[in-house]
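Notes for the one structure printed next.
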Amino acid sequence: MLFLEIMLTIAAWRRGYKGFALIPVGLALLVGFLIGLNNPEMATSDDILSFIWIDILAVVVLGIMIVLGKNPDEEETLEIEASSESVSAEDAYGEIANS
């Protein structure tokens with residue numbers, strides 16, 4: 049299951065989520081650690097299988113992230129628009145100063 053989560057995290061990272069792709073796996077590991085810290089006897093019993101839903105939830109979230117994917121073109125377009133607005137504002141001030 050961990051191998052699957054790692055592969056899905058890499059795929060989500062490449063689809064544009066970058067650091068946000070690490071959140072589902074990180075939260076699953078943190079919750080698993082806290083459950084083991086709270087009740088260490090659970091690791092030796094069969095009750096641990098009742099918490100498999102945490103890993104399944106992480107896989108589902110990563111799958112959704114991969115399917116939806118961020119559009120890097122939108123981010124580039126916003127950056128280009130912002131830079132062109134600042135250039136046009138500078139040109140306007142230069143024209144006022146020249147007149």
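Everything in the sequence shown is counted per my numbering, starting at 49 for the first residue and increasing by one. Here a beta-carbon is modelled for each residue, glycine too, at the ideal position from N, C-alpha and C. All values reported here derive from a predicted model rather than from experimental measurement.
Integer-rounded CB distance, given that residue j should sit under 8 Å from residue i
i      : j     : result
Val109 : Pro72 : 4 Å
Gly117 : Gly84 : Contact doesn't hold; Cβ gap of about 34 Å is too wide.
DSSP three-state assignment for residue i, whether helix, strand or coil
i      : result
Ile100 : coil
Lys66  : helix
Gly111 : helix
Alpha helix (DSSP H) segment containing residue i, residue limits
i     : result
Pro72 : 70-86
Glu53 : 50-60
When the options are compared against residue i, the one with the closest alpha-carbon
i      : options                       : result
Ala76  : Glu53, Met113, Gly111, Ile112 : Glu53
Trp101 : Pro88, Ala59, Gly80           : Gly80
Where residue i falls, given that 16 or more other Cβ within 10 Å makes a residue buried
i      : result
Met113 : buried
Leu78  : exposed
Leu50  : exposed
Leu56  : buried
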